[in-house]
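Data block below; observations after.
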Amino acid sequence: MNILLRIKRMNPETDTAPYFQEFTIDVAPSDRILDVLLLVKNTFDSTLAVRKSCAHGVCGSDAMIINGVECLACKTLVKDVATEENATVSVEPLKSLPVQRDLMVDQKAFFDKYISVNPFLMRKDVPKSGEIIQTPAEHAKFDDPTKCILCGSCYSACPIVEHKNPDFIGPAASIQAARFVFDSRDTDTQNRLAALDTPNGVSACDNHFNCTKVCPRGIKITKLINETKRALKASKT
Ligand code: SF4
Ligand code: FES
732 MNILLRIKRM
742 NPETDTAPYF
752 QEFTIDVAPS
762 DRILDVLLLV
772 KNTFDSTLAV
782 RKSCAHGVCG
792 SDAMIINGVE
802 CLACKTLVKD
812 VATEENATVS
822 VEPLKSLPVQ
832 RDLMVDQKAF
842 FDKYISVNPF
852 LMRKDVPKSG
862 EIIQTPAEHA
872 KFDDPTKCIL
882 CGSCYSACPI
892 VEHKNPDFIG
902 PAASIQAARF
912 VFDSRDTDTQ
922 NRLAALDTPN
932 GVSACDNHFN
942 CTKVCPRGIK
952 ITKLINETKR
962 ALKASKT
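So that you can map any letter, position 126 of the sequence shown is 857 in my numbering, and since no number is skipped, the others follow by simple counting.
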């Protein structure tokens with residue numbers, strides 16, 4: 732089948748504004764959008780900038796906006812976004828992060844916010860020997876956010892970051908904070924909750940659910956943020 736592929740392009744060193752470059756391409760419905768983009772890069776225009784690594788939905792590096800929705804190009808098939816001959820498929824970089832070039836964004840702000848929540852286990856009384864026992868039920872409380880691959884889709888889809896408060900730490904950092912707040916082995920819970928109790932912390936979330944809808948790992952992001960808000964409230968009583 733043929734599709735009309737529209738790729739949003741921008742080279743900040745030479746372009747004054749982004750523009751769409753169009754290609755009519757013969758593809759198979761089972762092709763992945765990442766394959767189609769690499770076909771364009773390898774056949775038609777080698778200057779196209781696109782980030783990818785694993786090509787199997789694990790590394791999170793090829794998150795982009797396809798037909799208006801954040802997703803991983805390597806997990807999106809042509810037939811997911813084009814159901815009829817000559818259908819238009821538009822591909823754009825993630826929002827709320829500066830474009831480095833074409834489909835590649837500068838992820839620094841995203842990762843700075845991620846690092847700001849101390850996304851690692853903190854424990855005061857580490858036993859000299861033996862293990863810190865955790866039950867399956869205790870583990871289940873923070874299992875969901877451990878699936879995050881830091882793709883940035885939720886950050887791009889978040890209307891708070893985009894329109895209301897660009898300093899909001901965003902969905903991904905919020906659930907990484909939750910991942911350790913709800914880990915029974917972590918002893919820094921009160922400090923973690925206090926750090927989230929700011930205008931840029933979890934209270935900035937207005938429950939739009941956009942993040943939850945686009946997460947390629949199916950993480951219940953908004954639910955986790957609300958659980959963290961409740962833990963924060965309980966810590967003050
Ligand atoms: Fe990507 Fe989901 Fe992690 Fe957000 S929570 S960075 S959408 S994997
Ligand atoms: Fe790694 Fe798509 S290239 S998730």
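For glycine and all other residues, C-beta sits at the position ideal for the given N, C-alpha and C. As the structure is a prediction and not an experimental result, all values here were calculated from the model.
Do residue j and residue i have their beta-carbon atoms positioned less than 9 Å apart in this structure?
i, j, result
"Asp833", "Val800", "no"
"Ile797", "Leu825", "no"
"Asn938", "Asn957", "yes"
"Val822", "Leu736", "yes"
"Asp914", "Lys855", "no"
"Met741", "Pro760", "no"
"Pro743", "Gln831", "yes"
Considering Cα atoms alone, identify which of the options is closest to residue i.
i, options, result
"Lys772", "His870, Pro858 and Ile738", "Ile738"
"Leu881", "Gln752, Asp776, Thr747 and Val789", "Val789"
"Asp757", "Pro743, Ser860, Val830 and Thr774", "Thr774"
"Leu955", "Lys967, Asp917, Ser966 and Ala904", "Ala904"
"Lys878", "His894, Thr918, Thr807 and Cys946", "Cys946"
"Phe841", "Ser792, Leu803 and Pro749", "Ser792"
Among the residues of its own chain, which have a CB less than 7 Å from the CB of residue i, if the five just before and after it don't count?
i, result
"Val912", "Thr920, Arg923, Leu924, Thr959 and Ala962"
"Thr943", "Lys951, Ile952 and Thr953"
"Gln865", "Ser915 and Arg916"
Going along the chain, which residues of its own chain have a beta-carbon closer than 6 Å to the beta-carbon of residue i, five neighbours each way excluded?
i, result
"Ser887", "Glu801, Leu825, Lys826 and Ser827"
"Ala818", "Ile734"
"Lys844", "Ile900, Gly901 and Ala904"
Would you tell me roughly how many angstroms separate the C-alpha atoms of residue i and residue j, rounded to the nearest one?
i, j, result
"Lys951", "Thr745", "41 Å"
"His870", "His894", "35 Å"
(Q) Check whether the region 762 to 778 and the region 848 to 867 touch, using three or more Cβ-Cβ pairs below 8 Å as the test. (A) no
Q: Count the CB pairs spanning the region 930 to 944 and the region 894 to 902 that are closer than 8 Å, and state whether there are at least three.
A: yes
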